[in-house]
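Before any comments, here is the structure.
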Amino acid sequence: MSTFLRTTRTALVTTALAIGLAACDKPATEGDATTAKADATPDAAAAKAGEGGLAIPGLEGEKAQAGYMIGLQMAKSLEPVKGEIDQDALFDAIRTTLAGDEPLMTDEQAQEVAQAFGQRMQEKMEADQAAKAKANAEEGKAFLEANASKEGVKATQSGLQYQVITEGKGEKPKAEDTVRVHYTGKLLDGTVFDDSTQAGEPVEFPLNRVVPGWSEGLQLMTVGSKYRFWIPGELGYGEMGTPGGPIGPNATLVFEVELVEIVKDAGTPAG
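Residue numbers for the sequence shown follow the numbering used here, beginning at 543 and rising by one.
Okay, here's the thing in structure tokens:
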């Protein structure tokens, strides 16, 4: 929790700085407008780039470009909280502080506000996560119920569903084995979130280091087989999903997997 609060306080400060710097820029007068337009041409930008920086129209000089770059990074990092803050208050705090005037809020009050804000944001994030987890679980359940009746689809006792695309003739791996596979992972809407085939080489990993649905599914396969798996959320990434990643909480996943070989021990592939 303390880490979240520190992150939130930093986020607020950087947001205020980014917005405040933009707000404090004086608008060009009518006389300045012509000059500004002339300076914005590629040739003028290239000439001014000699002062430092790249040739970017409207951003002449290293300081302008550095400031703009930092502003972009700040804005992107603070996108999740933009609707939770009053921008007018941010402008006022920036102007007051840079002018050396007395701020409306003491350091102690700022600390209290930061803690309360952090707590509120944490509760909001948890509520959003719970709502997404519930929706994904319901969607996955409905999908799997309908999918179970499709031709060629089988299910294990755990709830894992699979379909044989190609059946191989090799041996089956055990839970402690390391395997080499090609695979593609998708969400229920068809979004591809992982595709090992793009690398052109099979991926190697131990079956005791993957999500339960993967470990169970691969042990059904023989070397040379290609299967399609539908993995319920509880056999995949669970209620956490992949924080900040493409897999939501309780998301049902679809994988196409080709078992290339079983690695019995170092340097001795089998199958």
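Even for Gly, the Cβ is constructed at its ideal location relative to N, Cα and C.
Does V753 come out as helix, strand or coil in the three-state DSSP assignment? coil
Close-in-space but distant-in-sequence residues of the same chain around Q761 (CB under 8 Å, 5 per side omitted): K714, P715, K716, A717, L749
Could you give the residue range of the beta strand (DSSP E) that holds G694? Per DSSP, G694 belongs to no beta strand (DSSP E) and is neither H nor E.
Please state whether the Cβ-Cβ distance between F659 and T794 is less than 8 Å. no
Quick one: grab the DSSP three-state call for V623. helix
D719 classed as buried or exposed, judged by whether at least 16 other C-beta atoms fall within 10 angstroms: buried
What does a CB cutoff of less than 7 Å around P791 pick up in its chain, not counting 5 residues either side in sequence? Q671, K674, A675, N678, E781, M782, G783
Decide if the region 646-663 is in contact with the region 771-781; the criterion is three or more beta carbon pairs, one per stretch, under 8 Å apart. no
C-alpha gap between W756 and D628, whole angstroms: 47 Å
Name the one or two DSSP bridge partners that Q705 has. V695, R770
Please identify the residue among L729, V695, A597 whose C-alpha is closest to the C-alpha of G682. L729
Rounded C-alpha distance that separates Y704 from A606: 57 Å
Under 8 Å between C-beta atoms of V765 and G701: no
Could you have a look at V765 and say whether DSSP puts it in helix, strand or coil? coil
Name the DSSP beta bridge partners of Y725, please? V799
Using the three-state DSSP reduction, which class does K806 fall into: helix, strand or coil? strand
Let me know the secondary structure DSSP gives E602 once reduced to three states. coil
Tell me which same chain residues have a C-beta within less than 8 Å of the C-beta of G787, skipping the five on either side of it? F735
Answer yes or no: the CB of P748 versus the heavy atoms of the ligand FAD, is any distance below 7 Å? Ligands are entirely absent from the displayed structure, and the ligand FAD is therefore not among its contents.
Can you give me the start and stop residues for the beta strand (DSSP E) that E746 sits inside? 745-748
F747 to V721 span [Cα, whole Å]: 6 Å
Whose C-beta lies closer than 6 Å to the C-beta of T739 among residues of the same chain, with five residues either side of it excluded? H724
For E798 and T708, the rounded distance between their alpha carbons: 11 Å
Return the chain-ordered list of same chain residues with a C-beta closer than 6 Å to the C-beta of A575, the five sequence neighbours on each side being excluded. With a pLDDT of only 40 at A575, under the threshold of 50, the placement of this residue in the model should not be trusted, and no figure is reported.
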